[in-house]
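Chemist: Here it is, the structure, as structure tokens.
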Amino acid sequence: MRINAHKSTGKNFKDYVNQIRLKHAVTLLLDTDKKVYEIAMNVGFGDARAFNDAFQRAYGETPAGYRKRLRK
């Protein structure tokens, strides 16, 4: 049986996986002192720039800016 991710989530598979990765990245940004590139690798992005771009599209700011703003 083949499951259609788009039917069950409203997103294509890649977007769904990136959403999960970014949610985990937010947790790591706020709960650890890991560098942004380390978090990118930990959540499955092979490239810190791709992680930064995806994070900015999803949250409207860079991962470092997000961390700084919420840790104040």
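Throughout the sequence shown, residue numbering follows my numbering, covering 141 to 212 in sequence. Backbone N, C-alpha and C fix where the C-beta goes; we use that ideal spot for every residue, glycine too.
Could you check where the alpha helix (DSSP H) with K154 kicks off and where it finishes?
Modeler: Here the alpha helix (DSSP H) through K154 covers 153-171.
Chemist: Is V176 helix, strand or coil by DSSP?
Modeler: Helix, per DSSP.
Chemist: Quick check: A194 and Y177, are their CB atoms within less than 9 Å of each other?
Modeler: In this structure, Y177 does not lie closer than 9 Å to A194 by Cβ.
Chemist: L168: which of P203, A190, R197 sits nearest, CA to CA?
Modeler: The option with the nearest alpha carbon to L168 is P203.
Chemist: So, is N158 buried or exposed, given that buried needs 16 or more other C-beta atoms within 10 angstroms?
Modeler: Looking at its Cβ environment, which holds 16 or more other Cβ atoms inside 10 Å, N158 is buried.
Chemist: Please identify the residue among A165, M181, F185 whose C-alpha is closest to the C-alpha of K154.
Modeler: Selected option, being the one with the closest Cα: F185.
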